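In my numbering, the protein residues as written are 3 to 565.
By construction, the Cβ of each residue, glycine as well, lies at the ideal position given by its N, Cα and C atoms.
Here the structure is a predicted model, which means the values were calculated and not measured.
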């Protein structure tokens, strides 16, 4: 429902902030006071047409913002998510439109810039405007199927129809994929056979190219490693480092064994022992170095034949990879893929037959689900027509007939929503013929037909705010009272606004707002809520005109008491 409406510098309104409540609210006031301006402002905020003429005289821009509080499960949240709008069901939703004298109009959802088209789509999910010239959801044939399904409670049938249609589409895509692959395989049979034979002989292994590359690199360096190792051995052998260090070790050891040197802490004995230890360490390191070089020589494996074999195998794998346009390490996968394609030539017909059977079965399931849905719609259409007829008669539209026309879609046009085109047609005079609802000539009839449809459809539709613009035009007495009763009924589950000149309709409302001209001579409009006393006075004015009489006040009191 609408939590708040803020209007700035719009036509005759300089500043207006209102917070409507739930239930049925009547908007009344003298002709020209600005009641329709509020409706125009709301339409603007919901993405409908903008015009710079709407900007209040002397101002540079006009803005209208509407705050909503849709419930968690309302479809508007899914629509916002699909559009990429940051919004959470835990918060409110604000729609805003700004018209500028220079530059284009701008639209916002929760302060995020959006297109007017998106604003309109979101607005249509939240608010329905039913009036003499308003194209409400009920007037759009594209929405009639959805409304009929909601009236019929076809949710499970719709889900089954959508599920089977998706399965049929998947089976059809699989069959088409197999047919295309089979045709291609037949066309390239010889090439496939040769390629599979060639790759089978090559027998590539997973990761083989990477392993060969590493091994080839090591084999190519083995000869250089051998040369360097031998050079190191020769140098160590010729230099006699180990013999020299052994002699030095024995000499320093003799010094340490001299009398008084073994444990003395004098400078010379300490230095002698340090020298002996250093020479001993050097001797150990020299022997370890010789052993390490010997171990390296034993590990060096220079095999020219292995190198030649590794290079030949690697070059063969790379050549095959270039031929098939893939990395050499992916050749096993390529062999599998080519083998599968070749198998299609020989065994593909069986796979195709199975795929065609699966598609036919899926299509039959969808047709069955769509048929059940169509049958349910036919039954519900008859019930809906009767419900609408019951609503039309009290609204002085007993000569009008609303027909729920269900037309089978052409072959191939069905989809997840079934095989039916649904449209509400109207015949306003017997024998005049049926035509689309939106082409009903009389504005008053259009507003009352919308009211009758909305009452008959009850819970159908996502909009939780309904606005009726002069649904009481040209009627009075019992018909106006009937209109008021229906607005009360709708207001029990929704937020309902009615712009009205009928005292019977106004008295039926749970709240009443008065739209009136400013008294300061500025030519603006204002809106204010009425208490019980001022409501009686306003309804008395509606009954008697400019001069409110005691009889009119008494009649207004009776209307309010009766409501």
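query                                                                                                                   : result
C-beta contact flag for residue 197 and residue 411 at 8 Å                                                              : no
Under the three-state DSSP convention, the category residue 494 falls into                                              : coil
Residue 443 in three-state terms, based on DSSP                                                                         : Only weak support exists for where residue 443 lies, its pLDDT of 47 falling under 50; the coordinates are left without a value.
Beta-ladder partner(s) of residue 102, from DSSP                                                                        : 63
Pair within 8 Å by beta-carbon distance, residue 454 and residue 397                                                    : yes
Residue interval of the alpha helix (DSSP H) (run including residue 513)                                                : Residue 513 -> not in any alpha helix (DSSP H); beta strand (DSSP E) instead, spanning 513-519.
Selection from 400, 105 and 7 that minimises the alpha carbon distance to residue 66                                    : 7
Beta-carbon gap between residue 46 and residue 99 smaller than 8 Å                                                      : yes
CA-to-CA distance, residue 425 to residue 137, given in whole angstroms                                                 : Any reading at residue 137 must be qualified, since the residue scores a pLDDT of 47, below 50, and its modelled position is unreliable; the value itself is stated next. Approximately 15 Å between the Cα atoms of the pair.
Length at least 3, wholly inside the segment 155-179: the beta strand (DSSP E) runs in chain order                      : none
Whole-angstrom C-beta distance between residue 333 and residue 322, which should lie under 8 Å                          : 6 Å
Buried versus exposed call for residue 116 [16 or more other C-beta atoms within 10 Å across all chains shown]          : buried
Limits of the beta strand (DSSP E) - the one that residue 89 falls within                                               : From DSSP, residue 89 is part of no beta strand (DSSP E); its letter is neither H nor E.
Other residues of its chain near residue 250: CB distance less than 7 Å, five sequence neighbours each side excluded    : 281
Inside the segment 301-383 only - alpha helix (DSSP H) runs reaching at least 4 residues                                : 306-326
Close-in-space but distant-in-sequence residues of the same chain around residue 217 (CB under 6 Å, 5 per side omitted) : 312
Pairwise C-alpha distance: residue 76 and residue 329                                                                   : 52 Å
Buried versus exposed, by CB contacts within 10 Å (16 or more), residue 205                                             : exposed
Residue 508 to residue 474 span [Cα, whole Å]                                                                           : 10 Å
Candidates 502, 549 and 564: closest to residue 31 by CA position                                                       : 502
Inter-residue Cα distance where the pair is residue 255 and residue 269                                                 : 17 Å
Distance CB(residue 24)-CB(residue 497) smaller than 8 Å                                                                : yes
Alpha helix (DSSP H) segment containing residue 506, residue limits                                                     : 505-510
Whole-angstrom distance between residue 345 and residue 179, CA atom to CA atom                                         : 15 Å
Residue 434, DSSP secondary structure in three states                                                                   : coil
Which residues DSSP lists as bridging residue 130, in chain order                                                       : 468
Member of 295, 212 and 550 whose CA lies at the smallest distance from the CA of residue 235                            : 295
Simplified DSSP state of residue 18, which is helix, strand or coil                                                     : strand
Length of the line joining the Cα atoms of residue 389 and residue 427                                                  : 15 Å
Among 429, 433, 315 and 466, the one whose alpha carbon lies nearest that of residue 448                                : 429
Whole-angstrom distance between residue 166 and residue 131, CA atom to CA atom                                         : 36 Å
8 Å Cβ cutoff met for residue 515 and residue 526                                                                       : no
Nearest residue (CA-CA) to residue 253, options 278, 244 and 61                                                         : 278
Range of the contiguous alpha helix (DSSP H) that encloses residue 553                                                  : 552-564
Nearest-angstrom Cα separation, counted from residue 111 out to residue 61                                              : 24 Å
Test item: CB-CB of residue 541 and residue 561 under 8 Å                                                               : yes
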